[in-house]
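Reminder that position 412 of the sequence shown reads as 412 in the numbering used here, one-by-one numbering, no gaps.
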Amino acid sequence: MSIAGQLRRCPPDLSSHSVAARLRFDPDEISAAANDFGGVVHSPPAAVFFPSSPADIAALVRLSHASPHPFPIAPRGHGHSVRGQAQASGGIVVQMSSLEGGFVDSGGEQLWIDVLRETLRRGMSPRSWTDYLHLTVGGTLSNGGVGGQAFRHGPQIANVLEMEVITGKGETVTCSERRRPELFFSVLGGVGQFGIITRARIAIDEAPKMVRWMRLMYTEFRGMTRDQEKLITMEASPESGRRRPDYVEGSVMMGHAMRSNWRSSFFSENDLRMIGELAAGNGGAIYCLEASFYYGYGHETAMAPRLEKLLEELSFVPGFSFTNDVSYFKFLNRVHDGEKRLRALGLWDLPHPWLNLFVPRSRITDFDAGVFRGIMKHSKFMGPILVYPTNRTKKDLEKLEDQNGEILKFCDREGIECKQYLPHYTRRDDWAKHFGRKWERFVQMKSMFDPKAILSPGQRIFNGPKLEAD
Ligand SMILES: Cc1cc2nc3c(=O)[nH]c(=O)nc-3n(C[C@H](O)[C@H](O)[C@H](O)COP(=O)(O)OP(=O)(O)OC[C@H]3O[C@@H](n4cnc5c(N)ncnc54)[C@H](O)[C@@H]3O)c2cc1C
């Protein structure tokens, strides 16, 4: 039976009226919910649900769970998935942004940028961030939430004190490390399979006002990774002038993509020219270590951290260190500037066949040789920064997909046991392999919290309910 048919027949105790009133069937909403940032998968739902409270969502899930013909339900954060993970083919997409929520007990639907704004008003801030903040709390907590602060504070999922979750049975449960821990730990990083996060209590600290933001260039990959490792393991020592960084990341800069990918307010035109020349003389690619140091806390007397001593210990190419002092807000919101630029050029809403891999430390050098200096060396499609897409045409999309496939095959062949982040497998075996020895537990928790496999079908892990025609 179709979803509309079920709504007509369902018993009143399931609040079917409040559910029906919040469903939208119009083509524009359906088409928006059938798309995402990736632009690769397009699965239209039967309807889009606009809840005003967690109770509305719980009613919807109960309706599906109690039905002899359950239908799939996908909470959609901000639709920044790249492979249809927040879509629900023929089912219902829950538009989480329509919830009205509060801070820093944050609504699952809220954007991190709004969490930041709100906490900064009180001089406080969450500790661990993704690079881009126009993502939802529920969306990143369902994945991990990995960024340059993770080496100090863990990913975002390690900074949650408590959550309110609606399970696949439609039950609303408050959970934490101590209270219903099996649900708490299933939902965090659980790719939407065990419950819909409607509230998350996030740990916060005093916020700095300013950030000293540095980019250092390396011609040797190993030189950069060695320095990164040094930075994330070092002890702070005020006497020696050493300051431990608050954020560390890194990237590969391909000479041919230099101007398009790295044009920003960070580098001057002259910097880019110099860096481009350095890359050209180094086989087309160089490496960029990015580190930031927070300062301007209420209790601090010195204006800026002293970093000279630290820089002396690093092995970047002399003359190739670039520094900016920016506000904490501007630093955390840095990718949004790139987004605005790309939107103005009509380059944001293009397909994004991204590949995110965790590579073991012991094989990172082999990965560099085989991938950055091998497979990608002559690829004109490469872009080093997350937000930067490449070309418009489908042909290019296929080439990028092929390149991703080639990288994965290379890792397989060379025995580099990397782990995909935000993966998009289509076969259950691949999911089982992905979760490894935790797979059995994953399946067990699914049968406990979402036995009818209603939630987040776009991840394609479990066979969701079969949809029938009216
Ligand atoms: C420009 C850009 C930069 C990014 N940078 C980073 C980064 O630095 N680090 C990082 O870790 N990730 C990053 N990401 C990836 C990001 O974490 C994912 O896109 C993630 O899916 C969050 O996006 P979203 O909030 O729009 O969620 P959606 O894409 O809407 O949803 C993601 C998944 O979670 C489920 N879901 C959504 N809301 C809820 C909820 N409330 N409760 C339970 N399940 C839910 C959905 O059904 C879906 O399966 C980036 C993405 C983009 C587009």
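Built from N, CA and C at the ideal position, the CB exists for glycine as well.
These figures come from a predicted structure and were not determined experimentally.
Kindly list the residues whose CB is nearer than 7 Å to the CB of residue i, restricted to its own chain and excluding five residues on each side of it in sequence; keep chain order.
i, result
"Thr-174", "Glu-162, Glu-164"
"Met-224", "Tyr-218, Gly-250, Tyr-287, Leu-289"
"His-134", "His-78, Leu-111, Ile-113, His-336"
"Ser-18", "Asp-56, Ala-59"
"Leu-180", "According to the sequence shown, residue 180 is Arg rather than Leu. Hits under 7 Å: Val-173."
"Pro-245", "Leu-231, Ala-291, Ser-292, Phe-293"
"Ile-407", "Leu-355, Val-371, Ile-375"
"Phe-331", "Val-211, Trp-213, Ser-292"
Which of the three DSSP states, helix, strand or coil, is assigned to residue i?
i, result
"Ile-375", "helix"
"Leu-99", "coil"
"Asn-270", "helix"
"Ser-52", "coil"
"Leu-332", "helix"
"Phe-320", "coil"
"Thr-174", "strand"
"Val-82", "coil"
"Arg-212", "strand"
"Arg-441", "helix"
"Gly-405", "helix"
"Gly-346", "coil"
"Lys-230", "helix"
"Ser-447", "helix"
"Lys-399", "helix"
"Ala-34", "coil"
"Thr-136", "strand"
"Val-115", "helix"
"Asn-463", "coil"
"Ser-18", "helix"
"Leu-23", "strand"
"Ile-157", "helix"
"Pro-126", "strand"
"Pro-457", "helix"
"Glu-414", "helix"
"Gly-370", "helix"
"Asp-246", "coil"
"Gly-108", "coil"
"Arg-427", "coil"
Could you tell me if residue i is buried or exposed, where buried requires 16 or more neighbouring beta carbons within 10 angstroms of its beta carbon?
i, result
"Asp-368", "buried"
"Pro-70", "buried"
"Tyr-218", "buried"
"Ala-86", "buried"
"Ser-89", "buried"
"Ser-186", "buried"
"Leu-400", "buried"
"Lys-169", "buried"
"Glu-206", "exposed"
"Tyr-328", "buried"
"Arg-208", "It is Pro, not Arg, that sits at residue 208 in the sequence shown. Per the 10 Å Cβ criterion, buried."
"Met-254", "buried"
"Pro-389", "Confidence in Pro-389 is poor, its pLDDT being 26 and thus under 50, which makes the residue's placement unreliable; the coordinate value appears in the next sentence. Result: buried."
"Lys-452", "buried"
"Asp-28", "exposed"
"Gln-444", "exposed"
"Met-124", "exposed"
"Asp-36", "buried"
Determine which residues share a DSSP beta bridge with residue i and list them.
i, result
"Thr-365", "Answer is none; Thr-365 lacks a bridge partner."
"Ala-285", "Met-254"
"Gly-195", "Thr-167"
"Met-217", "Cys-288"
"Glu-182", "Beta-bridge pairing links Glu-182 to no other residue."
"Phe-293", "Arg-212"
"Phe-358", "Lys-419"
"Glu-308", "According to DSSP, Glu-308 bridges with nothing at all."
"Ile-275", "Answer is none; Ile-275 lacks a bridge partner."
"Asp-205", "Ser-125"
"Val-326", "Val-211"
"Glu-162", "Ser-176, Arg-201"
My understanding is that residue i touches residue j, with C-beta atoms under 8 Å, so please give their C-beta distance in whole angstroms.
i, j, result
"Glu-249", "Glu-290", "5 Å"
"Gly-292", "Asp-227", "The question names Gly, but residue 292 in the sequence shown is Ser. Contact doesn't hold; Cβ gap of about 15 Å is too wide."
"Gly-139", "His-78", "6 Å"
"Arg-477", "Asp-105", "The first residue shown for the chain is 1 and the last is 470, placing residue 477 beyond what the model contains."
"His-352", "Gly-39", "6 Å"
Residues in the same chain with beta-carbon distance under 8 Å from residue i, minus the five sequence neighbours each way, listed in chain order, please.
i, result
"Leu-278", "Met-217, Thr-219, Ile-286, Val-317, Phe-320"
"Phe-372", "Phe-221, Val-252, Ala-285"
Grab me the residues of residue i's own chain with a C-beta within less than 6 Å of its C-beta, minus the 5 sequence neighbours each way, in chain order.
i, result
"Ala-33", "Pro-45, Val-48, Val-93"
"Gly-189", "Gly-144, Ile-157"
"Ser-97", "Glu-109"
"Gly-464", "Pro-72, Ala-453, Pro-457"
Give a yes or no on whether the minimum CB-CB distance between residue i and chain C is below 8 Å.
i, result
"Ala-279", "Absence of chain C from the displayed structure is noted, only one protein chain being present."
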